[in-house]
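Report on one structure; see the data block that follows.
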Amino acid sequence: MTDDTPPAEEIDDEANETDAGESGKTPRRVLSDAEFAVIREIYELGSKGIVELSLEFNVSRQTLHKRFVAAGIKRGSRAHEISKAVQTGVLQASQAAGAAAAAQEPAERFSDKRADWIEETRITGYKSLKQAEMLARKTIADAIKAGTALSAQDDNLKTVQRLN
């Protein structure tokens, strides 16, 4: 008696190859809502078919077909949007080229001033902080000279804090 069966390792390798590639079966996988939204968009615009999408997203064709039927999605149902977008895109591109040239000049003009504005804002902020600090110190010094409790100056200090 001879044993014609291959070793166990070879059997496992052959089974894995046929499951994944040769038979065309794709592993079972659950699509997220975001993935299905992308697939739906591509399918409705008519860019790809069910077979291409199933291979790309590693999902069975039957799963995609069932989800499309359940959602009432038809292939290429929004293809007119692409043709309309192309037509308007050509018109807008020609208009945008002229507008971009006109918009380039003010953008360059403001980019030169931007660094000055940032520096001015920074200096103004530091000056405001110094003024608030000086007001708070003066309020406390006046309270100490007058001999009143510092807790009575709480409202004045809150006002100084709001100033900052």
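What the sequence shown shows, in the working numbering, is residues -10 to 153, in sequence order. Ideal Cβ placement from N, Cα and C applies to all residues, glycine included.
- A68 carries a helical assignment under DSSP once its states are collapsed to helix, strand and coil.
- If one requires a minimum length of 4 residues, the alpha helix (DSSP H) runs lying completely within the stretch 13 to 57 are 22 to 34, 39 to 46, in chain order.
- Beta-carbon to beta-carbon, E33 and R67 are separated by about 4 Å, close enough to satisfy the 8 Å threshold.
- Each residue's CA atom was taken as its position, placing E70 and V149 some 59 Å apart.
- If you ignore the 5 residues before and after V40, its C-beta comes within less than 8 Å of the C-beta of R50, all in its own chain and listed in chain order.
- In the structure shown, I107 adopts helical secondary structure according to DSSP, grouped into three states.
- Contact annotation: L139 and S117 have beta-carbon atoms that are not nearer than 9 Å.
- Between Q120 and I129, the C-beta spacing is not below 9 Å.
- When only Cα atoms are considered, T137 and L146 end up about 14 Å apart.
- L44 and I31 do not touch by the CB rule: their CB atoms are close to 13 Å apart, not below 8 Å.
- Here DSSP, grouped into helix, strand and coil, assigns I129 to helix.
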